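One structure is given below, encoded as structure tokens.
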Amino acid sequence: SQTIHQWPATLVQPVGSPLSLECTVEGTSNPNLYWYRQAAGRGLQLLFYSVGIGQISSEVPQNLSASRPQDRQFILSSKKLLLSDSGFYLCAWKFAGGYTFGSGTRLTVV
Amino acid sequence: DAKTTQPTSMDCAEGRAANLPCNHSTISGNEYVYWYRQIHSQGPQYIIHGLKNNETNEMASLIITEDRKSSTLILPHATLRDTAVYYCIVSHPQTGNQFYFGTGTSLTVIP
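From first to last, the protein sequence lines stand for chains Y and C. For the first sequence, the positions run 2 to 111 when this note's numbering is used. For the second sequence, the positions run 3 to 113 when this note's numbering is used.
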């Protein structure tokens, strides 16, 4: 069966510090992978998606970047966090019936 | 660009049917309608999807109008655990590379 792992579950980081969130999937090959962010009280915003190794599409210009170093690994990064980067970050894998989401990382930038 | 319109919030009495509407007047012929829900502080959970025929599974029923410009998600016997934000999304299963989530409908099931 296919599973998606995302960590850490919670993170508190100071302004200006770097960020690295990791997402891995199991039980599938060449998955389409996605990073979403949800600010408090708002809907999900698509940040990046990837259809294969080294292929990244960015939906919104911002302080974040994404990388796909391996088929089943998707990483969200930042060199210097801003207060506005706080939110709930979700990794997702697309299958024919829709998306499977990870459990999310709640990032608080202080 | 969420491509769908949903009411911001709804209440439903426990044990009664919850009917959540969604307008998608610009849906194209090969796009499906998907429903997800998100319980607080968790990732969205898939509920059901359909193209033009009504669909039913163990969680819910999906009723799509004949012109496909709107749909209704039905939770037949709402429980307190169904309190969540419900998202209606339209997308093509193969060529649609992203789901655009709007703000959804916040459903509160009342005891």
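Glycine is no exception: its CB is placed at the ideal position from the N, C-alpha and C atoms. Here the structure is a predicted model, which is why all the values come from computation and not from measurement.
Beta-bridge partners of residue 13 (chain C), as assigned by DSSP:
The beta-bridge partner set that DSSP reports for residue 13 (chain C) consists of C:110.
I want to see whether chain Y comes within less than 8 Å of residue 51 (chain C), judged by CB atoms only; does it?
Closer than 8 Å to some Cβ of chain Y, the Cβ of residue 51 (chain C) qualifies, so yes.
For a contact meaning CB atoms closer than 7 Å, what does residue 45 (chain C) contact in chain B?
Protein chains in the displayed structure are Y and C, and chain B is not among them.
Could you list which residues in chain C have their beta carbon closer than 7 Å to that of residue 43 (chain Y), in chain order?
Per Cβ cutoff of 7 Å: 105.
Proximity test, Cβ basis, 8 Å: residue 88 (chain Y) and chain C:
Chain C contact via Cβ: absent.
Quickly, what does DSSP pair residue 23 (chain C) with across the bridge? List them, please.
Answer is C:74, bridged to residue 23 (chain C).
CA-CA distance, residue 107 (chain Y) and residue 90 (chain Y)?
Straight-line Cα distance between these residues: approximately 6 Å.
At a Cβ threshold of 8 Å, is residue 36 (chain C) touching chain Y?
At least one CB of chain Y lies nearer than 8 Å to the CB of residue 36 (chain C).
Checking contacts by CB at 8 Å: is residue 28 (chain Y) closer than that to chain C?
At a cut-off of 8 Å, the C-beta of residue 28 (chain Y) has no neighbouring C-beta in chain C.
Going by other Cβ atoms of all chains shown within 10 Å of its Cβ, with 16 needed for buried, is residue 71 (chain Y) buried or exposed?
It is exposed - the Cβ of residue 71 (chain Y) has fewer than 16 other Cβ atoms within 10 Å.
Whole-angstrom distance between residue 15 (chain Y) and residue 91 (chain C), CA atom to CA atom:
One C-alpha to the other measures close to 35 Å.
Contact with chain C by residue 47 (chain Y), beta-carbon distance below 8 Å:
Taking CB atoms only, residue 47 (chain Y) has a neighbour in chain C less than 8 Å away.
Using only alpha-carbon positions, find the residue among C:104, C:101, C:82 that is nearest to residue 19 (chain C).
Out of C:104, C:101, C:82, the CA that lies nearest to the CA of residue 19 (chain C) is found in C:82.
Between residue 76 (chain Y) and residue 47 (chain Y), what straight-line distance do the alpha-carbon atoms span, to the nearest angstrom?
Cα to Cα, residue 76 (chain Y) sits roughly 14 Å from residue 47 (chain Y).
Could you check where the beta strand (DSSP E) with residue 29 (chain C) kicks off and where it finishes?
Note, residue 29 (chain C): premise wrong, no beta strand (DSSP E); not H, not E.
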